[in-house]
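Peer 1:
There are 2 protein chains.
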Amino acid sequence: MVITVLRLGHRPIRDKRVTTHLFLAARAFGADRGIYSGVKDRKLEETLAGVCREWGGSFRVEYAESWKKVVEEWSGKVIHLTMYGVPLRDTIRAIRSEPADKIIMVGGEKVPTEAYSLADWNVSITSQPHSEVSALALFLHEYFEGQELAREFDGARFRVVPQERGKKVLDITSP
Amino acid sequence: MVITVLRLGHRPIRDKRVTTHLFLAARAFGADRGIYSGVKDRKLEETLAGVCREWGGSFRVEYAESWKKVVEEWSGKVIHLTMYGVPLRDTIRAIRSEPADKIIMVGGEKVPTEAYSLADWNVSITSQPHSEVSALALFLHEYFEGQELAREFDGARFRVVPQERGKKVLDITSP
Numbered sequence: 005m006v007i008t009v010l011r012l013g014h015r016p017i018r019d020k021r022v023t024t025h026l027f028l029a030a031r032a033f034g035a036d037r038g039i040y041s042g043v044k045d046r047k048l049e050e051t052l053a054g055v056c057r058e059w060g061g062s063f064r065v066e067y068a069e070s071w072k073k074v075v076e077e078w079s080g081k082v083i084h085l086t087m088y089g090v091p092l093r094d095t096i097r098a099i100r101s102e103p104a105d106k107i108i109m110v111g112g113e114k115v116p117t118e119a120y121s122l123a124d125w126n127v128s129i130t131s132q133p134h135s136e137v138s139a140l141a142l143f144l145h146e147y148f149e150g151q152e153l154a155r156e157f158d159g160a161r162f163r164v165v166p167q168e169r170g171k172k173v174l175d176i177t178s179p
Numbered sequence: 005m006v007i008t009v010l011r012l013g014h015r016p017i018r019d020k021r022v023t024t025h026l027f028l029a030a031r032a033f034g035a036d037r038g039i040y041s042g043v044k045d046r047k048l049e050e051t052l053a054g055v056c057r058e059w060g061g062s063f064r065v066e067y068a069e070s071w072k073k074v075v076e077e078w079s080g081k082v083i084h085l086t087m088y089g090v091p092l093r094d095t096i097r098a099i100r101s102e103p104a105d106k107i108i109m110v111g112g113e114k115v116p117t118e119a120y121s122l123a124d125w126n127v128s129i130t131s132q133p134h135s136e137v138s139a140l141a142l143f144l145h146e147y148f149e150g151q152e153l154a155r156e157f158d159g160a161r162f163r164v165v166p167q168e169r170g171k172k173v174l175d176i177t178s179p
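If you read the protein sequences in the order shown, they are chains R and C.
This note's numbering puts the first sequence at residues 5 to 179.
This note's numbering puts the second sequence at residues 5 to 179.
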């Protein structure tokens with residue numbers, strides 16, 4: 005079962021860091037790949053590819069000219085994260101028990117009305133304004149029931165050894 | 005018991021949206037106030053004040069010239085969120101049972117070594133690179149055991165009525 009995070013309407017200058025953080029969170033919390041629409045941003049793709057080279061896993065980011073085409077041609081289920089949707093706690097069990105591949109759609113500043121109608125579930129992570137980054141992380145955390153926190157990433161070059169104070173990072177490719 | 009989120013080394017141009025998202029997540033997930041060091045950013049403070057006017061609650065953001073002074077003069081406990089720290093699952097119970105006020109410290113790109121030594125707990129939300137926004141949201145979600153998702157905000161002008169499709173927002177100050 006594959007989880008794809010679809011970021012709508014990326015604008016390289018304004019959204020650069022937020023979209024980077026969004027995909028880093030997607031990877032760290034167990035999603036398998038990212039797709040973004042809006043303006044193509046090679047730098048964003050390279051940043052994520054660089055993180056995967058160093059920290060492992062197979063998370064990849066692709067550009068799609070039309071998010072709508074991605075969703076319409078999708079054979080699995082679509083979840084749209086929005087503060088206007090149905091609370092996470094009322095939807096997560098049904099979503100979790102659905103075996104199909106899933107797209108988790110997150111908007112930017114302005115989300116087209118169609119996003120709401122094309123989604124199988126519109127899900128709110130609180131009905132307060134916050135961030136697509138926190139919304140996605142919370143969603144994945146509840147979806148994976150916390151198991152994602154202990155996830156290991158294959159092929160990593162570096163591995164953190166948790167410390168009470170300071171940093172310890174092993175280069176696990178060195179002999 | 006008061007929870008303060010302390011953002012280290014804010015740079016208005018580069019960090020504008022990420023720090024805004026960080027404090028919006030702090031508010032939405034139950035923190036009481038925000039402090040940031042780095043460069044003073046009136047726009048950031050106004051954005052947060054505007055959200056509180058519209059969506060309620062008493063979350064406030066203040067600037068501090070020295071984050072170190074804030075931490076050194078602090079009588080409560082200090083939690084530092086960092087990918088190099090001790091896993092959330094191994095620390096959250098002890099932190100939750102501590103009755104003192106708490107600062108949750110989150111860095112930007114480069115965190116001074118002192119942040120690690122001044123903290124009572126260095127806590128990792130996965131040992132992978134992601135975002136201070138997702139790290140903070142996950143921490144608060146586990147700290148409040150999910151109760152924060154149903155939190156209501158006093159004095160709100162607007163309230164969302166959750167919908168399966170589309171948006172419904174009530175202006176609760178109108179007669």
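Glycine included, each C-beta is placed from N, C-alpha and C at the ideal position.
What are the start and end residues of the beta strand (DSSP E) that includes histidine 134 (chain R)?
Peer 2: Taken as a continuous stretch (DSSP letters only), histidine 134 (chain R) belongs to no beta strand (DSSP E), as it is neither H nor E.
Peer 1: Could you run through the region 159 to 173 of chain R and flag, in chain order, every residue whose CB is less than 8 Å away from some CB of chain C?
Peer 2: If the cut-off is 8 Å between Cβ atoms, the region 159 to 173 of chain R has Arg163, Val164, Pro166, Gln167, Glu168, Arg169, Gly170, Lys171, Lys172 and Val173 near chain C.
Peer 1: By the three-class DSSP mapping on this structure, what secondary structure does aspartate 45 (chain R) have?
Peer 2: Coil.
Peer 1: On the DSSP letters alone, give me the boundaries of the alpha helix (DSSP H) that tryptophan 78 (chain C) sits inside.
Peer 2: That residue, tryptophan 78 (chain C), is in no alpha helix (DSSP H); it is neither H nor E in DSSP.
Peer 1: Against chain C, with Cβ distances strictly below 8 Å, would methionine 87 (chain R) count as a contact?
Peer 2: Answer yes: the Cβ-Cβ gap between methionine 87 (chain R) and chain C drops below 8 Å somewhere.
Peer 1: For a contact defined as C-beta to C-beta under 8 Å, what are the partners of valine 110 (chain R) on chain C?
Peer 2: The premise fails here: valine 110 (chain R) is roughly 12 Å from chain C at the closest Cβ pair, so nothing lies under 8 Å.
Peer 1: Taking C-alpha atoms, which residue in R:Cys56, R:Ile129, R:Lys81 and R:Glu77 lies nearest to methionine 87 (chain R)?
Peer 2: Here the closest residue by C-alpha is R:Ile129.
Peer 1: Less than 8 Å between CB atoms is the rule here; does valine 65 (chain C) satisfy it with respect to chain R?
Peer 2: Chain R contact via Cβ: absent.
Peer 1: Between which residues of its own chain and arginine 100 (chain R) is the CB-CB distance below 7 Å, once the five residues before and five after are set aside?
Peer 2: For arginine 100 (chain R), where only same-chain residues beyond five positions count, the Cβ hits under 7 Å are Tyr147.
Peer 1: Would you kindly work out how many angstroms separate the C-alpha atoms of alanine 198 (chain C) and valine 43 (chain R), rounded to a whole number?
Peer 2: Here chain C has residues from 5 to 179 only, and residue 198 (chain C) is not among them.
Peer 1: State the CB to CB distance for the pair glycine 143 (chain C) and isoleucine 108 (chain C), rounded to an integer number of angstroms; the pair is presumed to be in contact (CB under 8 Å).
Peer 2: Sequence inspection shows phenylalanine at residue 143 (chain C); the glycine mentioned does not correspond to that position. Yes, phenylalanine 143 (chain C) and isoleucine 108 (chain C) are in contact; Cβ-Cβ is about 7 Å, under 8 Å.
Peer 1: Can you confirm whether proline 91 (chain R), when its beta carbon is compared against all beta carbons of chain C, has any partner nearer than 8 Å?
Peer 2: Yes, contact with chain C.
Peer 1: So, helix, strand or coil for lysine 20 (chain R), using DSSP?
Peer 2: Looking at lysine 20 (chain R) - three-state DSSP - the assignment turns out to be helix.
Peer 1: May I ask you to list the residues that DSSP assigns as paired with serine 128 (chain R)?
Peer 2: Serine 128 (chain R) pairs with R:Pro91.
Peer 1: Check the C-beta distance from proline 91 (chain R) over to proline 166 (chain C) and give it rounded, since I have them as a contact under 8 Å.
Peer 2: With a Cβ gap of about 6 Å, proline 91 (chain R) and proline 166 (chain C) count as contacting.
Peer 1: Are the C-beta of histidine 14 (chain R) and some C-beta of chain C separated by less than 8 Å?
Peer 2: No, histidine 14 (chain R) lies away from the interface with chain C (no Cβ there is under 8 Å from its Cβ).
Peer 1: Taking a cut of 9 Å between CB atoms, which residues from the region 120 to 132 of chain R lie near chain C?
Peer 2: Those would be Tyr120, Ser121, Ala123, Trp125, Asn126, Ser128, Ile129, Thr130, Ser131 and Gln132, in chain order.
Peer 1: Reducing DSSP to helix, strand and coil, say where phenylalanine 162 (chain R) ends up.
Peer 2: Strand.
Peer 1: From this set, R:Lys114, R:Leu122, R:Gly89 and R:Ala154, which residue's C-alpha is nearest glutamate 77 (chain R)'s C-alpha?
Peer 2: Of the candidates R:Lys114, R:Leu122, R:Gly89 and R:Ala154, the one whose C-alpha sits nearest the C-alpha of glutamate 77 (chain R) is R:Leu122.
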